[in-house]
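Numbering (our numbering), first residue to last: 7 to 237.
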């Protein structure tokens, strides 16, 4: 989807959706035989892969059938594989990964991350069929930057504006990343140096997120450093 953003700057665009729940709520969890994990590691995540198999298989199969039917793909144009806690759908025009993992801070809960990447074109993403398949699935866009960006330079650029354009920035003492707020825009923007991540308050289809991102893009135009990330 590089027609809306230049390929000279953006290496990859991913749409990310997140969900989760309590480990003991999964269909494969047996209260009489299993105990809730108290830490997230290779062993406990392998356990999660077994007890989430029913939910993951059902969700992945539903997506496969929707993609095949709504987009008219033939057998050779779309495939699905489910291995452990990860399902991967590969279609001729995009790919989707659904991954289960234990929460690092609370291993009694699991997280589900759905990642859509490699969308062939903006035109495809804006079709009614595509929007129906992925309606309400994503809350984040991640733009992988080809050349990267110095987080300190981004911070300095925003602080140098002294509030012009309604931009504000917050960051930790090690400058590992910074979060940018745009006045009047609900989305949060996080710059890690390697990527620009835009987090929206409500989930939507890819086309909806791209439309909402246009507001952030316009706000960034007040600074040459920021505008260079998304011009």
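C-beta: ideal position from N, C-alpha, C; glycine also.
Neighbourhood of residue 124 by C-beta distance below 7 Å, restricted to the same chain and skipping five residues each side: 100, 101
Quick one: what does DSSP say residue 168 is sitting in, helix, strand or coil? Three-state result, residue 168: coil.
Pull the bridge partners of residue 184 from the DSSP assignment, please. 197
Given that a residue counts as buried once 16 or more other Cβ atoms are within 10 Å of its Cβ, and exposed if not, what is residue 169? exposed
Taking DSSP as the reference, what is the three-state secondary structure of residue 73? helix
Tell me whether residue 146 is buried or exposed, calling it buried when 16 or more other Cβ atoms sit within 10 Å of its Cβ. So residue 146 ends up on the buried side.
Please go through the same chain and pick out, in chain order, the residues whose beta-carbon is closer than 6 Å to the beta-carbon of residue 8, but skip the five residues on each side of it. Here residue 8 scores only 46 on pLDDT, less than 50, and its place in the model is too uncertain to base an answer on.
Option in 190, 198, 201, 30 with minimal Cα separation from residue 220: 190
Just tell me which of 96, 81, 82 has its CA closest to the CA of residue 88. 96
Is the stretch 118-136 in contact with the stretch 181-188, if contact means three or more CB pairs nearer than 8 Å? no
Quick one, which of 209, 53, 18 has its alpha-carbon nearest residue 115's? 53
In its own chain, which residues sit with a C-beta less than 6 Å from the C-beta of residue 175, not counting the 5 before and 5 after it? 161, 164, 184, 186
Whole-number beta carbon distance between residue 206 and residue 218, since they are thought to touch under 8 Å: 6 Å
Under the three-state reduction of DSSP, which class applies to residue 101: helix, strand or coil? Correct three-state label for residue 101: strand.
Quick one: Cα of residue 112 to Cα of residue 69, how far? 29 Å
Just the C-alpha distance for residue 166 and residue 151, rounded to the nearest angstrom, thanks. 23 Å
Express the C-alpha separation of residue 223 and residue 214 in angstroms, rounding to a whole number. The C-alpha of residue 223 is placed about 15 Å away from the C-alpha of residue 214.
Given 8 Å as the limit, is there contact between the stretch 50-67 and the stretch 137-144, that is, 3 or more CB pairs closer than that? no
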